[in-house]
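Q: Just remember that the working numbering sits 1 ahead of the position in the sequence shown, which is counted from 1.
Here a beta-carbon is modelled for each residue, glycine too, at the ideal position from N, C-alpha and C.
These figures come from a predicted structure and were not determined experimentally.
The structure under discussion is supplied below as structure tokens; questions concerning it will follow.
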Amino acid sequence: MSVTSTDLPEATDADHARPALLTRLVLGITGWSLLFSAFGLWAVPGSANVPELSLMKLGVSIFMLIGGMCCIVSTRPVR
């Protein structure tokens with residue numbers, strides 16, 4: 002027995018919304034985690050005052066800040 006395209010059930014809007022909702026949720030959680038981690042990196046003391054480490058910490062925090070903002074902005078619905 003062959004299966005044709007007319008035998009398959011049609012996808013509804015709810016079927017397409019589930020993966021998008023899950024993706025938005027994961028990206029939102031990841032984005033906010035990166036954003037808070039970027040600021041938390043400077044709030045928590047623990048490293049020595051070595052200029053090289055401060056420069057690396059600055060680079061990592063800027064990367065996390067930009068990455069978190071990209072994740073948060075990508076969760077907005079398309080107009």
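(1) Could you check where the alpha helix (DSSP H) with GLY47 kicks off and where it finishes?
(2) What does the alpha-carbon distance come out to for the pair LEU56 and MET65?
(3) In three-state terms, what does DSSP make of VAL79?
(4) Would you call ALA39 buried or exposed, if buried means 16 or more other Cβ atoms sit within 10 Å of its Cβ?
(5) Return the chain-ordered list of same chain residues with a C-beta closer than 6 Å to the C-beta of CYS72, the five sequence neighbours on each side being excluded.
A: According to the data block:
(1) Unbroken run through GLY47: none, as it is neither H nor E.
(2) 14 Å
(3) coil
(4) buried
(5) LEU28, THR31 and GLY32
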